[in-house]
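Engineer: Chains as they are written, first to last, in our numbering: chain G, 25 to 244; chain Z, 322 to 412.
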Amino acid sequence: MNALRKSPLHDAIAALQPEWGMHNGMPAALQFDQGDSQRMAALGIADVSCLWRCGLKGPRSMAWLTEQGVAVPAVNSWTPLANGGLIARLGNSEFLLEDSPGGSTAQRMQSLLADRPHGVYPVLRQDAALLLTGAGLHPLLRQTCSFNFMTLDTAVRPVVLTTMVGVVVIVLPQQMPDGMHYRIWCDGTYGEYLWRTLLDIARELDGGVTGLNHLILEGK
Amino acid sequence: MKILTCPINGPRPISEFTYGGEYRPMPDPHAASDVAWADYVFNRNGGPGMKWEWWCHTPSTTWFIAERDTVRDVVMRSFLFDDISKQGGAA
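(1) Contact defined as beta carbons within less than 8 Å: I believe G143/G pairs with G82/G. What is the distance between those atoms, to the nearest angstrom?
(2) What first and last residue would you give for the beta strand (DSSP E) that runs through A353/Z?
(3) Anything in the segment 101–129 of chain G with a Cβ closer than 8 Å to a Cβ of chain Z? List those residues in chain order, please.
(4) On the DSSP letters alone, give me the boundaries of the beta strand (DSSP E) that T175/G sits inside.
(5) Helix, strand or coil: which one does DSSP assign to L40/G?
(6) Determine which residues share a DSSP beta bridge with F119/G and list them.
(7) What whole-angstrom Cβ distance do V373/Z and Y344/Z have, given they're in contact under 8 Å?
(8) Within 10 angstroms of the Cβ of L40/G, are there 16 or more other Cβ atoms? Answer buried if so, exposed if not.
(9) Out of curiosity, what's the CA-to-CA distance linking L113/G and I329/Z?
(10) Quick one: what does DSSP say R29/G is sitting in, helix, strand or coil?
(11) Output the boundary residues of the alpha helix (DSSP H) element that contains Y206/G.
(12) Using only alpha-carbon positions, find the residue among T234/G, W44/G, D71/G, R63/G that is nearest to A152/G.
(13) Cβ closer than 8 Å: which chain G residues qualify as neighbours of I329/Z?
(14) Any chance the segment 59–78 of chain G sits against the segment 118–135 of chain G, with 3 or more Cβ pairs inside 8 Å?
(15) Tell me, please, whether the CB atom of V193/G is closer than 8 Å to any CB atom in chain Z?
(16) Mind checking if L165/G is an interface residue toward chain Z, Cβ cutoff 8 Å exclusive?
(17) Using a beta-carbon distance cut-off of less than 7 Å, what residues from the segment 327–358 of chain Z approach chain G?
(18) Between I225/G and L164/G, which are expected to be in contact by the criterion C-beta below 8 Å, what is the C-beta distance as a whole number of angstroms?
(19) Name the chain G residues that come within less than 8 Å of S381/Z, Cβ to Cβ?
(20) Could you give the DSSP three-state label for G231/G: helix, strand or coil?
(21) Measure how close the beta-carbons of L222/G and I37/G come, nearest whole angstrom, since I'm counting them as under 8 Å.
(22) Please list, in chain order, all residues of the same chain as G59/G whose beta carbon is under 8 Å from its beta carbon, the five residues on each side excluded.
(23) Tell me which same chain residues have a C-beta within less than 7 Å of the C-beta of S101/G, skipping the five on either side of it?
(24) Could you tell me whether the Cβ of S85/G comes closer than 8 Å to any Cβ of chain Z?
(25) Which of helix, strand or coil does DSSP assign to V192/G?
(26) Could you list which residues in chain Z have their beta carbon closer than 9 Å to that of F56/G, in chain order?
(27) Using beta carbons (cut-off 8 Å, strictly below), is S170/G in contact with chain Z?
(28) Counting C-beta neighbours from all protein chains within 10 Å, is the total for G126/G 16 or more, i.e. buried, or is it exposed?
(29) From P104/G to V94/G, what distance separates their C-alpha atoms?
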């Protein structure tokens, strides 16, 4: 495959020989086999690095986002974007935007940042982005992370900056119709290590890899 | 497990933090005497007691100040540098 953009997890996923599709110019694993939905219910791990992301920070970042019509969440929380996707506030003045498959807000913000607005600075986001689902989520989190996710109130849409098996991560719990989804972002260079570690634990808990067909691309 | 409270991110295990040295207000380099400036540049106070220290929450790169009793290794409070005057310190 000769794509210009590749997920930081591409090589690890290619070894599992999934059915590929293209999303945002990046190869994305759509399905691994008939057991995808079963693994998703137990403990599914999917690579969603293909979703469009945009990062920004700076003293005027909050005012600038408001000027663009983007609702700004409170510190350490997130909110859905109007046409799909999400915006997470990572501190007083740093934000991460990510589009859902049908959304375009993050892409639009990134193009506007090219004009170098005063007091707003683009942050390169080439993260490895994961999506975790299923009944085994909390046992996996307890094994890999010193933060107690059971104490979180998902109703306030929290964002947690912490470490997982020694890797700095952003973790975002989402209450979805089919249960809790956990979104995880980390520096791409640590992505494969995090992926392999989480996958090893997931397999012990009867879970494993999941393609995007059963997750976001169906608009769930 | 030791827990330290980040003013932005809340209580976290100490493994998520990096120590940044004692907080020491810088004298005005134009007004300070040579002796006062040399003291600021070269000398450190290693005596036990109540210290203000720089700490960084690594996952969010949040630098803040923790007031720590180094005799008992107990953190009394933590706050952002912006609040230092409210906490009774000098920038």
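Glycine included, every Cβ here is placed at the ideal spot set by N, Cα and C.
Structural biologist: Quick answer:
(1) As a working mapping, residue 143/G is identified with position 119 in the first sequence. As a working mapping, residue 82/G is identified with position 58 in the first sequence. That belief holds up - the Cβ atoms of G143/G and G82/G are roughly 5 Å apart, short of 8 Å.
(2) Taking the second sequence and counting its residues from 1, one reaches residue 353/Z at position 32. Where A353/Z is concerned, there is no enclosing beta strand (DSSP E), given that its DSSP letter is neither H nor E.
(3) Shown in chain order are the members of the segment 101–129 of chain G whose Cβ falls below 8 Å from a Cβ of chain Z: L114, G115, N116.
(4) In the first sequence, the residue the question calls residue 175/G occupies position 151. Note, T175/G: premise wrong, no beta strand (DSSP E); not H, not E.
(5) Mapped onto the first sequence, residue 40/G falls at position 16. L40/G carries a coil assignment under DSSP once its states are collapsed to helix, strand and coil.
(6) Here residue 119/G refers to the residue found at position 95 when the first sequence is read from its first residue. Residue pairing of F119/G in beta bridges, as defined by DSSP: L80/G, R113/G.
(7) On the second sequence, residue 373/Z is found 52 positions in, with the first residue counted as 1. On the second sequence, residue 344/Z is found 23 positions in, with the first residue counted as 1. According to the sequence displayed, residue 373/Z carries Trp and not Val. That pair is a contact at about 4 Å.
(8) For the purposes of this step, residue 40/G is taken as the residue at position 16 of the first sequence. If you draw a 10 Å sphere on the C-beta of L40/G, you find fewer than 16 other C-beta atoms in it, and that means exposed.
(9) To locate residue 113/G, count along the first sequence from 1; it is residue 89. To locate residue 329/Z, count along the second sequence from 1; it is residue 8. Per the sequence shown, residue 113/G should be read as Arg rather than Leu. When rounded, the distance between both Cα atoms is 11 Å.
(10) One-based indexing of the first sequence puts residue 29/G at position 5. R29/G: coil per DSSP, three-state reduction.
(11) By one-based count along the first sequence, residue 206/G stands at place 182. In the DSSP assignment, Y206/G falls outside any alpha helix (DSSP H) and within the unbroken beta strand (DSSP E) covering 203–210.
(12) Counting from 1 along the first sequence, the entry for residue 152/G is found at position 128. Looking at the Cα atoms, D71/G is the closest of the given residues.
(13) Taking the first residue of the second sequence as 1, we reach residue 329/Z at position 8. Neighbours of I329/Z on chain G, chain order: V99, N100, G115, N116.
(14) By the criterion of at least three beta-carbon pairs nearer than 8 Å, the segment 59–78 of chain G is in contact with the segment 118–135 of chain G.
(15) Your numbering for residue 193/G matches position 169 in the first sequence. Contact with chain Z is found for V193/G, since one of that chain's Cβ atoms lies less than 8 Å from the residue's Cβ.
(16) Here the question's residue 165/G lines up with position 141 in the first sequence. Closer than 8 Å: no.
(17) Within the segment 327–358 of chain Z, the qualifying residues are I329, N330, R333, P334, S336, E337.
(18) For the purposes of this step, residue 225/G is taken as residue 201 along the first sequence, with counting starting at 1. For the purposes of this step, residue 164/G is taken as residue 140 along the first sequence, with counting starting at 1. About 5 Å separates the Cβ atoms of I225/G and L164/G, confirming a contact at the 8 Å cut-off.
(19) In the second sequence, counting from the first residue as 1, residue 381/Z sits at position 60. Listed along chain G are L114, G115, L185, each with a C-beta nearer than 8 Å to that of S381/Z.
(20) Here residue 231/G refers to the residue found at position 207 of the first sequence. G231/G: coil per DSSP, three-state reduction.
(21) Counted from its first residue, the first sequence places residue 222/G at position 198. Counted from its first residue, the first sequence places residue 37/G at position 13. Actually they do not touch by this definition, with Cβ atoms about 13 Å apart.
(22) Position 35 of the first sequence, counted from the first residue, corresponds to residue 59/G. Only G232 meet the Cβ criterion.
(23) The residue labelled residue 101/G in the question sits at position 77 within the first sequence. So the list reads R113, V180, R181, P182, V183, once near-sequence residues are dropped.
(24) Within the first sequence, numbered from 1, the residue matching residue 85/G stands at position 61. Any Cβ of chain Z closer than 8 Å to the Cβ of S85/G would place that residue at the interface, and such an atom is absent.
(25) Within the first sequence, numbered from 1, the residue matching residue 192/G stands at position 168. DSSP places V192/G in strand when its eight states are reduced to three.
(26) By one-based count along the first sequence, residue 56/G stands at place 32. Chain Z residues near F56/G: none, gap ~31 Å exceeds 9 Å.
(27) On the first sequence, residue 170/G is found 146 positions in, with the first residue counted as 1. Residue contact with chain Z for S170/G: present (Cβ-Cβ distance below 8 Å to some residue of chain Z).
(28) For the purposes of this step, residue 126/G is taken as the residue at position 102 of the first sequence. Counting Cβ neighbours within 10 Å, G126/G comes out exposed, since fewer than 16 surround it.
(29) Counting from one through the first sequence, the residue named residue 104/G turns up at place 80. Counting from one through the first sequence, the residue named residue 94/G turns up at place 70. Straight-line Cα distance between these residues: approximately 10 Å.
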